[in-house]
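A.B. asks:
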Amino acid sequence: MPFDIKIVEYSDDFSDAVDVTFSRPAQRGRGAYRRQIFADEIAAGRVIGAYDGDRVVGTFANFRNTVSVPGGAAVPAAAVTSVSVAQTHRRRGILSAMIATALRQSADAGEPLSILIPAEWPIYGRFGYGHATDETSYRFDSKRCAVSRPLPGTVDYASAQEWVEELPAAYDRLRATTPGAIEYRNRLWERDAGLLTHDGKPTDKEKLFALYRDESGTVRGGVTYSVKEGDWNGFVANDRAEAEMLAEDSTARVRLLQFLWEQDWITTFDVETFPADDSWRHLMANPRFARETSRHDVLWARVLDVAAALEARAYETEGRLVLAVTDPAGYAEGVYALEGGPAGATVKRSTENPDVTLPVQTLGALYFGHHAATALARVGEITEEKAGGLALADRLFKTAVPPHCVTWF
Ligand SMILES: CC(C)(COP(=O)(O)OP(=O)(O)OC[C@H]1O[C@@H](n2cnc3c(N)ncnc32)[C@H](O)[C@@H]1OP(=O)(O)O)[C@@H](O)C(=O)NCCC(=O)NCCS
Numbered sequence: 042m043p044f045d046i047k048i049v050e051y052s053d054d055f056s057d058a059v060d061v062t063f064s065r066p067a068q069r070g071r072g073a074y075r076r077q078i079f080a081d082e083i084a085a086g087r088v089i090g091a092y093d094g095d096r097v098v099g100t101f102a103n104f105r106n107t108v109s110v111p112g113g114a115a116v117p118a119a120a121v122t123s124v125s126v127a128q129t130h131r132r133r134g135i136l137s138a139m140i141a142t143a144l145r146q147s148a149d150a151g152e153p154l155s156i157l158i159p160a161e162w163p164i165y166g167r168f169g170y171g172h173a174t175d176e177t178s179y180r181f182d183s184k185r186c187a188v189s190r191p192l193p194g195t196v197d198y199a200s201a202q203e204w205v206e207e208l209p210a211a212y213d214r215l216r217a218t219t220p221g222a223i224e225y226r227n228r229l230w231e232r233d234a235g236l237l238t239h240d241g242k243p244t245d246k247e248k249l250f251a252l253y254r255d256e257s258g259t260v261r262g263g264v265t266y267s268v269k270e271g272d273w274n275g276f277v278a279n280d281r282a283e284a285e286m287l288a289e290d291s292t293a294r295v296r297l298l299q300f301l302w303e304q305d306w307i308t309t310f311d312v313e314t315f316p317a318d319d320s321w322r323h324l325m326a327n328p329r330f331a332r333e334t335s336r337h338d339v340l341w342a343r344v345l346d347v348a349a350a351l352e353a354r355a356y357e358t359e360g361r362l363v364l365a366v367t368d369p370a371g372y373a374e375g376v377y378a379l380e381g382g383p384a385g386a387t388v389k390r391s392t393e394n395p396d397v398t399l400p401v402q403t404l405g406a407l408y409f410g411h412h413a414a415t416a417l418a419r420v421g422e423i424t425e426e427k428a429g430g431l432a433l434a435d436r437l438f439k440t441a442v443p444p445h446c447v448t449w450f
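In terms of the numbering used here, the numbers along the sequence shown are unbroken and rise by one, the last being 450.
1. Could you spell out the range, first to last residue, of the beta strand (DSSP E) harbouring V205?
2. On the three-state DSSP scale, how would you describe T244?
3. What does the alpha-carbon distance come out to for the pair T334 and G235?
4. Cutting at 6 Å between CB atoms, please list the residues of its own chain near T177, excluding the five before and the five after it.
5. If you draw a straight line from the C-alpha of A102 to the C-alpha of Q304, how long is it?
6. Throw me the rounded Cβ distance for the V37 and G410 pair, which I believe falls under 8 Å.
7. Answer yes or no: the CB of E161 versus the heavy atoms of ligand 1, is any distance below 7 Å?
8. Using DSSP with H/G/I as helix, E/B as strand and the rest coil, what is G430?
9. Using only CA atoms, which one of V98, K427 and W341 lies nearest to I164?
10. Ignore the nearest five residues each way along the sequence and tell me which others in A293's own chain have a CB closer than 7 Å to its CB.
11. I believe I78 touches N227 by the beta-carbon criterion, under 8 Å. Please report the beta-carbon distance rounded to the nearest angstrom.
12. Using a 10 Å radius around the Cβ and a threshold of 16 neighbouring Cβ atoms, would you call G273 buried or exposed?
13. Which class does A80 belong to by DSSP, given the choice of helix, strand or coil?
14. Decide if K439 is buried, meaning its Cβ has at least 16 other Cβ atoms within 10 Å, or exposed.
15. Would you list, in sequence order, the uninterrupted beta strand (DSSP E) runs of no fewer than 3 residues that lie entirely inside the stretch 268-352?
16. Within 10 angstroms of its Cβ, does E374 collect 16 or more other Cβ (buried), or is it exposed?
17. Let me confirm a value: A384 is counted as buried when at least 16 other C-beta atoms fall within 10 Å, else exposed. Which label applies?
18. At the level of alpha carbons, what is the spacing between F44 and G258?
19. Is it buried or exposed, E152, if we count other Cβ atoms within 10 angstroms and call 16 or more buried?
20. If Y198 sits next to Q402, beta carbons under 8 Å apart, how far is it from one beta carbon to the other, in whole angstroms?
21. Starting from the Cα of A120, find the closest Cα among N106, S56, D93 and F300 and give me that residue.
22. Could you please give the first and the last residue of the uninterrupted alpha helix (DSSP H) stretch that includes E231?
23. What residues are listed by DSSP as bridge partners for R390?
24. Once DSSP output is grouped into helix, strand and coil, what is the label at T21?
25. Nearest-angstrom Cα distance between D442 and A115?
26. Under DSSP, the beta strand (DSSP E) around A148 begins and ends at which residues?
27. Answer with buried or exposed for S320, where buried requires no fewer than 16 other C-beta atoms within 10 angstroms of its C-beta.
28. With a threshold of 6 Å on Cβ separation, who are the neighbours of L157 within its own chain once the five nearest residues in sequence on each side are excluded?
29. In whole angstroms, give me the CA-to-CA distance for L297 and V366.
What follows is the structure, encoded as C-alpha cells:
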C-alpha cells in the first residue's frame, strides 16, 4: 500500500494518531493544545506525517533544541519525539521513510546531532542512533535513611508557580555542566508543573512541590511528590510516595531526600530521575537503605556531522586519534583525524590509516562519554586497527562523570 511523507501541521487527526498509537485514547482531542505549544516548530516545518490517502498513518516531530556536550557547549540537535506508525500500517517502511526525511532536514539545517528517547531498544540502531545515557530510580526505606553529616541549606514547600519561576535558573546551571541535558522548550516547565494542560484545568494540586536553597538563598534543586495512602492495618502508618527530583549537585539532592525521609507516615519513597553517577549516596549514613529499583537507557544520539560534533566537545586528555566511521546513510561516513584535549578539538577529513573503525551508532554511544571504547570493542561495536587505538579512545571520550539527559522529551 503506498503512502506519502509530508511536512504537516498538528491537526486534530494528527494529534489523535499519536495518542491512539501510544495507547492513550482518553487524550484524543488535544490537537489545538499541541498546535499552540509547538507553534514555532510547526511554523519551521519540523513536523512530519505519513498519509494513506487523507488518513494520518505516521507521525514524527523533529523539533529543534540543543544538547549539552562534554566541555559545556550546547550543540544544535534535532530532538525527535511523537514517533508513531498506525498499528494497521506497521512494518511497511513508514518509520524508515519519516526518519530519512527528518535526518535530511536536520543535516540541511546544520544540526550535527539528532537525539531521541526510544520506546524500545531495537528500533533506532539501524538508523545510526547509539545508546548515550542511562538513568536510575531508587526506593528509600525512609524510616531508616539518614544523612552522614549535617547538610547546609533549607527546603521549603513552593507553589507550582514558584517552581516554574525559580527552578529554571538552577536547571540551566545544571544543564551547562551535564552532557546529555537539553533545553526545556515549548513551555515544558509549565506543562511539567501541571499549570498548562490541554483542557485548561491545572493539575498542580495533585502533587506537592518543594525547593532546596543553599546557604546564600540560591535555589539549587527541587522535588515534586505525591502520596498514596497505605492501609493503616493495625493502625500503623505505612504510606508510600512517588517523587521526581532535579538537583544541581549531590548536596542539593541528599538535602531534598532528607526532607522526604523525615516526613511522618510515609515509609517508602520511590524517587525518579537520578543520574548514573551515584556518588550522592556517600552523603547517606547507610546507603544500603537506598535500593536502585531501575536502571535504563534514556538518550540515544545520531551523529550527522562528525567534524562539527567532535569539534564541539572537550576531551578528557590531549590526544590525536584517527577514526574511520561507517554510515550506510552517508552523513557520517569517512575517515577523520581528531586532535583534542580539555580545551577543545580540531577535526579534519583524513586519508591516513585509522586507529579505530566504528559504525556511526557507536560514535553516538561514545560521544557523550558514557561508554568506554574498550568495553564496546569486547562486544564487537568498534574495532582497533592500530595498537593503542582503543585505549586512546577511552582516555579521550569517556568522561569522569557520566552524562545524564535530565528531562524526558
Ligand atoms: C516503532 C514503530 C514507529 C516502527 O514503525 P514501522 O513503520 O513499523 O517501522 P519500519 O517498517 O520502517 O521498520 C524498519 C525496520 O525496523 C524494524 N522495527 C521497527 N520497529 C521495531 C520494533 N519495535 N522492534 C524491533 N524492530 C523494529 C522493522 O522490523 C524493520 O526491519 P527490517 O528493515 O529488517 O525489515 C511502530 O511500530 C510504532 O509506532 N510502535 C508503537 C509506538 C512506538 O514505539 N513509537 C516509537 C516511540 S520512540
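Where a beta carbon is used, it is the ideal one built from N, C-alpha and C, also for glycine.
C.D. replies: Taking the coordinates as given:
1. Where V205 is concerned, there is no enclosing beta strand (DSSP E), although the alpha helix (DSSP H) it sits in stretches over A201 to A217.
2. DSSP places T244 in coil when its eight states are reduced to three.
3. Here the alpha carbon of T334 sits roughly 26 Å from the alpha carbon of G235.
4. F315, E333 and R336.
5. So the alpha carbons of these two residues sit roughly 41 Å apart.
6. This structure leaves residue 37 out entirely; the chain is present only between 42 and 450.
7. At least one heavy atom of ligand 1 lies closer than 7 Å to the C-beta of E161.
8. Three-state result, G430: helix.
9. Comparing Cα-Cα distances from I164 to each of V98, K427 and W341, the minimum goes to W341.
10. Same-chain partners within the cutoff: Y253, R261 and G262.
11. Confirmed, about 5 Å.
12. The sequence shown places Trp at residue 273, rather than the Gly named in the question. Exposed, by the Cβ-count rule.
13. For A80, the secondary structure class from DSSP, reduced to helix, strand or coil, is helix.
14. Buried, since its Cβ has 16 or more Cβ neighbours within 10 Å.
15. Counting only runs of 3 or more, we get 280-288, 307-316, 331-338 and 341-344.
16. Under this definition E374 is an exposed residue.
17. Taking a 10 Å sphere around the C-beta of A384, we find fewer than 16 other C-beta atoms and assign the residue as exposed.
18. Spanning the two alpha carbons is a distance of roughly 57 Å.
19. With a 10 Å radius around the Cβ and a threshold of 16 neighbouring Cβ atoms, E152 comes out buried.
20. Their Cβ separation, rounded to whole angstroms, is 45 Å, which puts Y198 and Q402 out of contact at 8 Å.
21. Measuring from the Cα of A120, the nearest candidate turns out to be N106.
22. Run containing E231: L229 to A234, per the alpha helix (DSSP H) assignment.
23. Note: R390 sits in a beta bridge opposite Y377.
24. The requested residue 21 does not occur in the structure, where the chain is confined to residues 42 to 450.
25. What sits at residue 442 in the sequence shown is Val, not Asp. Between V442 and A115, the C-alpha separation is close to 18 Å.
26. Unbroken run through A148 is the alpha helix (DSSP H), I135 to D149; no beta strand (DSSP E).
27. Counting C-beta atoms within 10 angstroms of its own C-beta, S320 has fewer than 16 neighbours from the protein chains shown and is therefore classed as exposed.
28. Around L157: V121 and W341.
29. Rounded to the nearest angstrom, the two C-alpha atoms are 44 Å apart.
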